[in-house]
Structure formats: C-alpha cells, structure tokens
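Structure first, commentary second.
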Amino acid sequence: MLNKVTALDLTFQALADATRRAILAELTRGPSSVSKLARPLAMSLPAVMQHLAVLEGSGLVRSVKVGRIRTCRIEPKALSLAEQWINQRRAEWERHFDQLGEYLNTLANTGGTRGKDQ
Amino acid sequence: MAKTSSGTPRSVVHATFCIERTYPAAAGLVFKALTDPAAKAQWFTGGNGYTLLARQMDVRPGGREHVQGRWESGVVSTFDAVYLDVVADQRIVYAYEMRLDDRKISVSLATLELKPAGTDTRLVVTEQGAFLDGYDDAGSREHGTNFLLDALGKSLK
Chain D
1 MLNKVTALDL
11 TFQALADATR
21 RAILAELTRG
31 PSSVSKLARP
41 LAMSLPAVMQ
51 HLAVLEGSGL
61 VRSVKVGRIR
71 TCRIEPKALS
81 LAEQWINQRR
91 AEWERHFDQL
101 GEYLNTLANT
111 GGTRGKDQ
Chain P
1001 MAKTSSGTPR
1011 SVVHATFCIE
1021 RTYPAAAGLV
1031 FKALTDPAAK
1041 AQWFTGGNGY
1051 TLLARQMDVR
1061 PGGREHVQGR
1071 WESGVVSTFD
1081 AVYLDVVADQ
1091 RIVYAYEMRL
1101 DDRKISVSLA
1111 TLELKPAGTD
1121 TRLVVTEQGA
1131 FLDGYDDAGS
1141 REHGTNFLLD
1151 ALGKSLK
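What follows is the structure, encoded as structure tokens:
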C-alpha cells in the first residue's frame, strides 16, 4: 500500500508541471527523440532532460538510447487501472477548475465583479 | 472469485486526492458558479467530442444532480450525485456515482471548501473514492488512458 501511494505521488508530481504535461501530450502522438521534444520548449536541453528524468522516474515515460539518439515513448502500462482512474478524475477536476476560472474572469471582464487576470 | 457479467473480477480500490485553485473573485461568486444551474452550465462542460444528453441539479441537502452525456466513442457517461451538506459561500459536500454505459465504475464523496484568501477565494476539493471492478476491458483501458492524456492536452491550451 505504501509503495502504491509513493508511486501515485511520483505520478502526480510528474503531472504537476506544465512542461512535463506538454512533453507527455507530445509523446501521445508517438515516440520522439529528446532533441525533437526540446525544440518547441523555451528552455535548455539539460532542463528538458531533467523534466524527462522526472517523467521516467514516475514510470510515465521510458526511453532507449540507440547510438547518439535517445528516443522517448509513453508508458501507459505504468499506470495501473486505479491510477488511471484517479488521474482521470484529477484531470477532470483540473479541467473543470480551469473552466471555472475562465468563467469567473469573463464575469470580471464584463464588469460583474472585481477583476484581474490570473 | 465473484465476477461481473462481463467476466471482470469484482474489486474495490480506495483513493483520496485533493486539488486546489485560487480565484480572483469573492467566495459568494465562486459559490454561485458551483451551485446555480444557469451559472454552472456556463463553465461545467464535457469538452470536445462530448454531447450532453441530460442535466439537472438541485443544490441543497438531499437535492440531486444528474448529468449524462455521450462521448465520441459512443460510451455514455452518467454522473449522479446527492448533496449532503451545503453551507453558503463556504462548503459543499456531495456523494456521487459514475457509470459508463451500464457499468458503475466508482462511488465517491466530494468535499468542496471555499476559503477566503485576502480578496481572492481558495477552492479546495477533496475526493474520496471507491473504484469498482477494475473499470475495465482492454478497450476501455486504452480509452481511459487516452482520455487522461486528451484532458492533459486540453489543459495546455
């Protein structure tokens, strides 16, 4: 049980960062080299590799190095069904809370309430 | 071992998680967005590929909420909640079950707390859930993962 919780913590930690979510989203389109993953990101290659290390540590991503090229791929099997379920539910809450924030901003911008951008 | 009609072994996994956000709005406004049907309909949507089939809500202790929709895959998801505790501008507690087609996949308790933070409002949701019967066949497992990643992708936009 403790291991389970630790694994979940690592998963959530991995998902808590926008750059890592962007990397995951990119990998859902298919395996990719590290340099290709880094290209759209506004950060150094070592910084990208640190993010990849966190993703690999969580088991969400695995990579293999062939020659000089390291290729990353998503590892959906790393998520047990329970983890998938919890992650889905979290993702739903996150999405709904984003939408709630946008809605509240809209109210603010139309003069319904005190407003400032988030 | 007892099995469901589709042959999946009966199982329960319990999990609790917590998510919070801070909004630049008064607690009363956030509370209204969460409890007023017209206000909630403005922001609580399923996203792309989701067709709303039914929605009703009555936020007061003993009141119910029912949201049903169909995903692109054809799967119909059903959310049925009963509100247990409602304190204006402060707290909402409801129990809910989720179904995918005829399968009950989870039963949860959701607690939403609104906490003033200066002129902002911190919204904290704690979900305590029981995850039932593996929620699974190979197809839905794939669907589940994709759904998660879709949601992640959307959150980036």
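Chains as they are written, first to last, in the working numbering: chain D, 1 to 118; chain P, 1001 to 1157. Positions of the beta carbon are idealized from the N, C-alpha and C atoms, including for glycine.
- Rounded to the nearest whole angstrom, the C-alpha separation of Arg73 of chain D and Val1075 of chain P is 28 Å.
- In terms of beta-carbon proximity, Thr1126 of chain P stays away from the interface with chain D, with every pair separated by 8 Å or more.
- Beta-bridge pairing by DSSP links Tyr1094 of chain P to P:Tyr1083 and P:Ala1110.
- Proximity of chain P to Arg90 of chain D at the Cβ level (cut-off 7 Å) is accounted for by Phe1017 and Ile1019, in chain order.
- Out of D:Gln99, D:Glu94, D:Thr106 and D:Tyr103, the CA that lies nearest to the CA of Glu1020 of chain P is found in D:Glu94.
- Between Ala1039 of chain P and Thr1121 of chain P, the gap from beta carbon to beta carbon reaches 8 Å or more.
- Between Ile23 of chain D and chain P, the shortest Cβ-Cβ separation is not below 8 Å.
- According to the DSSP assignment, Leu1053 of chain P belongs to the beta strand (DSSP E) that extends over Tyr1050 to Met1057.
- From the beta-carbon of Gly101 of chain D, the residues of chain P found nearer than 8 Å are Arg1021 and Tyr1023.
- Residue range Val34 to Ala38 is occupied by the alpha helix (DSSP H) that includes Leu37 of chain D.
- Here the alpha carbons of Arg90 of chain D and Leu104 of chain D stand approximately 21 Å from one another.
- The alpha-carbon of Arg20 of chain D is positioned some 23 Å away from that of Val1124 of chain P.
- Within the DSSP secondary-structure output, Leu1132 of chain P pairs in a beta bridge with P:Val1012.
- Put simply, the CB of Leu1052 of chain P is far from chain D, with every gap to its CB atoms at 8 Å or more.
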